[in-house]
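S.K.:
Protein chains in written order, with this note's numbering: chain A, 1 to 438; chain B, 1 to 359; chain C, 1 to 318.
#1: Kindly indicate which residue of B:38, B:106 and B:64 has the alpha-carbon position closest to the one of residue 254 of chain B.
#2: Between residue 25 of chain A and the rest of its own chain, which residues show a CB-CB distance below 6 Å, the 5 nearest in sequence each way excluded?
#3: Which of the three DSSP states, helix, strand or coil, is assigned to residue 228 of chain B?
#4: Could you tell me the alpha carbon to alpha carbon distance between residue 168 of chain A and residue 158 of chain A, rounded to whole angstroms?
#5: By the 10 Å Cβ neighbour count, where 16 or more other Cβ atoms means buried, how is residue 297 of chain B classified, buried or exposed?
#6: Taking C-beta to C-beta, are residue 271 of chain C and residue 32 of chain C nearer than 7 Å?
#7: Pull up the CB-CB distance for residue 40 of chain C and residue 267 of chain C, whole angstroms please, since I reckon it's below 8 Å.
#8: Within its chain, find whatever has a CB closer than 6 Å to the CB of residue 382 of chain A; leave out the 5 residues flanking it on each side and keep chain order.
#9: Quick one: list the residues of chain B neighbouring residue 6 of chain C, beta-carbon separation under 9 Å, in chain order.
#10: Pull up the DSSP beta-bridge partners for residue 78 of chain A, would you.
#11: Would you grab the beta carbon distance between residue 92 of chain B and residue 22 of chain B for me? Rounded to a whole angstrom, and I think it's under 8 Å.
#12: When the Cα atoms are used, what is the spatial distance from residue 155 of chain A to residue 285 of chain A?
#13: Where does residue 439 of chain A sit, in a helix, a strand or coil, going by DSSP?
#14: Taking the C-alpha atoms as reference points, what is the distance between residue 200 of chain C and residue 71 of chain C?
#15: Should residue 297 of chain C be labelled buried (16 or more other beta-carbon atoms within 10 Å of its own) or exposed?
#16: Go through its chain and collect everything with a Cβ distance to residue 165 of chain A's Cβ below 8 Å, but skip five positions before and after it.
#17: Once the 5 residues before and after residue 52 of chain B are set aside, which same chain residues still bring their CB inside 7 Å of it?
#18: Beta-carbon of residue 185 of chain A versus every beta-carbon of chain B: anything under 7 Å?
#19: Any beta-carbon of chain C closer than 7 Å to the one on residue 182 of chain A?
#20: Let's test the definition: count the other Cβ atoms within 10 Å of the Cβ of residue 98 of chain C and tell me whether it reaches 16, buried, or not, exposed.
#21: In three-state terms, what does DSSP make of residue 13 of chain B?
#22: Identify whether residue 395 of chain A lies in helix, strand or coil by the three-state DSSP scheme.
#23: Pick out whichever of B:54, B:260, B:127 and B:235 has its Cα sitting closest to the Cα of residue 191 of chain B.
#24: Starting from the beta carbon of residue 123 of chain A, find every residue of chain B whose beta carbon is closer than 9 Å, and list them in chain order.
#25: May I ask you to report which of helix, strand or coil DSSP gives residue 138 of chain C?
#26: Which first and last residues belong to the beta strand (DSSP E) in which residue 151 of chain C is found?
#27: Note down, in chain order, all residues in the segment 102-123 of chain A with a beta-carbon under 7 Å from any beta-carbon belonging to chain B.
#28: Is there a C-beta anywhere in chain B that falls below 7 Å from the one on residue 338 of chain A?
#29: So, are the CB atoms of residue 395 of chain A and residue 292 of chain A less than 7 Å apart?
#30: Applying the 10 Å Cβ sphere with the 16-neighbour rule, what's the burial state of residue 60 of chain C?
#31: Are the Cβ atoms of residue 94 of chain A and residue 34 of chain A separated by less than 7 Å?
#32: Who does residue 157 of chain C pair with in a DSSP beta bridge?
#33: Sort C:134, C:237, C:204 and C:305 by Cα distance to residue 214 of chain A and report the nearest one.
#34: Check whether chain A comes within 7 Å of residue 1 of chain C, counting only Cβ atoms and requiring the distance to be less than that.
#35: Between the beta-carbon of residue 273 of chain B and the beta-carbon of residue 67 of chain B, is there less than 7 Å?
#36: For the beta strand (DSSP E) that contains residue 178 of chain A, what are its first and last residues?
Written as structure tokens, this is what we have:
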């Protein structure tokens with residue numbers, strides 16, 4: 001080792017350290033929205049369209065309307081690989097720049113951000129995922145999970161299965177296979193309560209992140225236990241693998257129901273014909289034949305806006321559409337916050353107010369170009385989930401087709417459980433920020 | 001020029017056996033500590049404390065623990081993440097069972113649980129060594145990961161399956177993440193790390209450290225000169241795991257705020273810590289710190305540099321590049337200086353001592 | 001008593017009660033075992049010839065498969081893509097030898113091990129930069145691999161055999177046979193074994209070390225490519241396989257780091273035992289025990305035979 005060599009190395013290391021210390025968090029100029037995305041890793045199949053959908057909708061607003069209320073939207077992505085720890089790092093790195101809202105796109109990250117949100121005064125919008133109990137706005141002023149919670153969804157799935165059995169599930173066996181992280185474990189208390197109430201047998205089948213692509217033994221278990229229905233709470237590579245394995249053991253696809261995070265094209269395509277008949281929950285339509293998607297294609301995908309979406313065809317991905325829906329809720333909340341506060345540049349705290357009084361009426365939905373795609377949505381101080389309605393779609397080998405009416409969750413069962421869970425969550429936490437709704 | 005050692009004479013055995021024998025270096029370390037305590041909290045903002053300095057300090061401790069095992073005792077372990085996890089979960093259980101006991105006490109106590117588990121999984125080291133042992137430690141890693149996910153008692157039956165840090169205070173101030181003040185967390189972290197490092201230095205230059213090094217260099221010869229392999233190896237596992245356990249507990253309570261299994265899995269914990277040890281320098285305490293600092297800062301630099309030059313690059317590409325650059329740098333460092341950053345420092349120091357004379 | 005019955009007797013009654021399921025579970029274990037064995041095989045090739053514990057073997061599997069699918073997505077016909085991939089593996093072998101191994105000659109083995117972890121990380125980033133991070137579907141049909149399934153009525157039930165799994169078994173057997181012949185009969189094979197025995201002695205009789213290293217890395221690369229194709233056909237192609245590839249490590253300690261038959265038999269033992277354990281004992285403790293059972297199986301073996309099933313006995317000298 002010569003002196004020059006060590007000097008070069010030393011200087012290199014030193015220079016790296018100093019440049020990085022010189023880089024500091026700067027407040028962004030505009031509506032700053034950090035996105036914790038995952039375009040790499042085993043969850044990228046679901047994460048990429050999602051991120052593209054959100055990104056493209058904001059870009060479209062910038063292109064078409066010049067932002068929201070005359071202020072441009074600045075989107076910054078931070079790659080998490082669906083890892084909660086990286087998500088927290090992204091949060092720490094971006095919160096100081098005037099972030100308006102976090103859309104974690106991961107229940108794991110959401111759970112970690114819940115205690116941080118009230119302290120940093122930045123709301124978290126976990127759209128259709130995250131902690132179900134957070135729907136209780138009195139206990140969780142900073143967390144929103146519109147349009148529906150996982151527990152609502154769980155009750156909706158069971159309600160749908162019951163409707164196929166004339167309301168009677170006694171003696172039936174329902175298997176529940178889930179990704180064994182915070183995300184998949186979330187609905188278990190509700191399923192257990194429902195099993196007790198309705199008299200069906202619940203079979204739990206957890207799939208660890210490490211076994212996601214190696215589910216042979218799980219599905220042999222299904223073959224042994226012969227459940228009447230299977231519900232899957234999968235994400236990323238888990239769902240396509242499960243559908244393939246289910247086809248392998250000849251499980252009747254008509255009795256295989258996925259949640260709304262297991263109901264994209266990416267989930268069914270790899271299984272080919274084997275996936276025909278698979279059902280999945282959803283809370284929005286599957287058709288891109290509405291004005292907003294045409295605008296996105298015109299202004300962004302085929303237009304001048306910068307995008308990572310490769311072709312117009314990709315807009316048809318369910319998870320892309322959901323990303324657009326999510327971005328729409330964020331955009332509406334920003335506009336709402338501007339209206340309430342009268343300010344152009346809002347803060348995280350203003351954004352919270354905007355979300356809490358968000359009211360997407362059918363008229364507004366039509367005006368924004370979303371007619372027929374989503375149902376009306378009203379968030380209140382008490383109920384941070386809002387609409388709580390869903391329906392079931394079926395994969396016919398080419399498209400998702402709606403096969404049920406809008407399903408109302410079992411509110412009388414879910415709401416008390418939510419409140420109880422919320423109370424339990426805050427019980428052992430000193431100085432927890434709550435609010436009182438009139 | 002830089003070192004003025006003339007006249008720096010030792011007149012007692014005591015002064016000759018100090019940790020830092022050169023007076024100047026001793027003052028330099030004091031100055032550094034004073035800087036870390038008195039200046040850093042004022043010049044670094046929360047972002048730097050939260051994402052760089054505190055994690056780097058905590059990981060230094062974990063790297064130090066692993067270095068005791070790999071660098072000093074010559075026992076390769078890939079189970080660091082599991083031991084860190086044991087510390088974290090133990091601390092969580094302790095502080096929820098005994099909420100009135102001070103959290104710092106719990107953090108320090110949780111290391112003992114990690115040590116016990118470490119000894120248990122260190123038992124195979126008596127029969128096997130080298131890569132066979134490395135794979136054997138993976139058994140502990142995967143078993144512990146499984147246990148953290150499946151034994152609901154460990155996370156107090158939370159529906160989320162995560163442990164979230166509870167609000168605990170020290171001397172009347174909220175300490176734990178996210179409730180506590182970042183600067184306060186930093187000072188506590190720094191104190192624990194400095195304290196434990198001092199102990200490690202003294203263990204390593206004492207009888208235990210020397211017997212470990214003898215085993216590392218040749219175990220049969222060590223046995224012949226009267227070192228008992230069984231207790232020595234197990235002690236290495238125990239002390240190493242203690243450090244990793246404390247680091248794990250600190251990671252959850254002072255840095256992350258909550259944690260799931262994945263925070264302690266092989267890709268997020270075991271490998272990075274091993275990188276730190278190798279890049280920093282096997283068998284070197286200062287190396288553990290340099291390595292940890294390097295591995296923690298590297299990804300942040302890689303992701304901020306393009307933004308600094310206003311190159312518009314999407315986050316996924318940054319992530320891919322980060323992997324490539326980290327991988328390439330590891331290979332590069334191993335080729336240029338297999339003995340790690342610590343050796344680099346050592347060479348520089350020797351040169352500075354002799355400067356301006358060439359050596 | 002109840003508990004003991006549940007652990008030690010219950011599962012066996014269950015096995016006897018539904019023998020068709022038992023056969024199916026063993027078959028699944030057999031197929032996974034073959035795939036683990038193939039990854040282990042790549043490790044063994046490299047370890048034998050150079051003493052390097054190549055941690056990147058699992059990633060080379062994904063990298064090979066990803067290159068194949070990626071090239072096909074770019075419009076390259078399947079047969080050409082396979083040839084190009086073999087070329088890529090050769091380039092990789094040469095590059096690794098030039099850039100990584102040659103400068104690190106004579107370094108302690110842990111340094112070389114770390115270098116392969118670095119290589120592992122680099123290949124993940126490189127593969128994702130070139131081919132994108134999202135999981136891809138293997139081009140099974142285009143490669144002419146069978147996709148059907150045969151159901152055999154037996155033992156009062158039905159056992160289904162996926163054709164791709166049968167193909168995997170046959171291809172693995174062929175590959176091992178080819179490697180065995182190559183190692184034992186060809187000139188290069190003999191040179192390889194000479195290098196494995198003693199580097200310096202081999203060099204002194206005129207064997208070029210660098211060449212041998214390129215050849216073993218290339219051979220390991222081809223094994224990786226084949227493994228990647230078979231594995232990709234069963235699930236999908238993404239770097240998430242990295243974590244599954246770690247299962248090859250207990251196979252290695254079971255079979256010994258230097259033994260090709262050890263890798264195969266070890267793979268089958270690990271594959272079958274993990275599936276049996278998961279299926280019959282897993283549900284008692286909440287499942288997913290197959291993530292650590294293989295390591296414990298290997299550990300128990302290790303306790304009695306520290307050098308593995310077929311490993312060379314380590315003789316220590318002072």
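We put the CB at the ideal spot given by N, CA and C, even for glycine.
Being a predicted model, the structure only gives us computed values, none of them experimental.
M.R.: Let me lay it out:
#1: B:106
#2: Residue placement at residue 25 of chain A is flagged as unreliable, the pLDDT there being 44, under the threshold of 50; a coordinate-derived value is accordingly withheld.
#3: Note: residue 228 of chain B maps to coil in three-state DSSP.
#4: 11 Å
#5: buried
#6: yes
#7: 6 Å
#8: Around residue 382 of chain A: 137 and 437.
#9: The premise fails here: residue 6 of chain C is roughly 17 Å from chain B at the closest Cβ pair, so nothing lies under 9 Å.
#10: A:36.
#11: Not quite, the Cβ-Cβ distance comes to about 43 Å (not below 8 Å), so this is no contact.
#12: 20 Å
#13: Nothing in the structure corresponds to residue 439 of chain A, since chain A is present only between 1 and 438.
#14: 41 Å
#15: buried
#16: Cβ contact annotation for residue 165 of chain A (same chain, cutoff 8 Å, sequence separation greater than five): 172, in chain order.
#17: Taking residue 52 of chain B as the centre and dropping the five residues before and after it, the same chain places the C-beta of 296, 297 and 300 closer than 7 Å to its C-beta, in chain order.
#18: yes
#19: no
#20: exposed
#21: helix
#22: In the structure shown, the three-state DSSP call for residue 395 of chain A is strand.
#23: Of all alpha-carbon atoms in B:54, B:260, B:127 and B:235, the one lying nearest the alpha-carbon of residue 191 of chain B is that of B:54.
#24: Correct list: empty, because the minimum Cβ distance to chain B is about 15 Å.
#25: coil
#26: 149-154
#27: So the close ones are 108, 111, 112, 115, 116 and 119.
#28: By this cut-off, residue 338 of chain A is not an interface position.
#29: no
#30: Buried is the call here.
#31: yes
#32: C:154
#33: C:237
#34: no
#35: no
#36: 173-179
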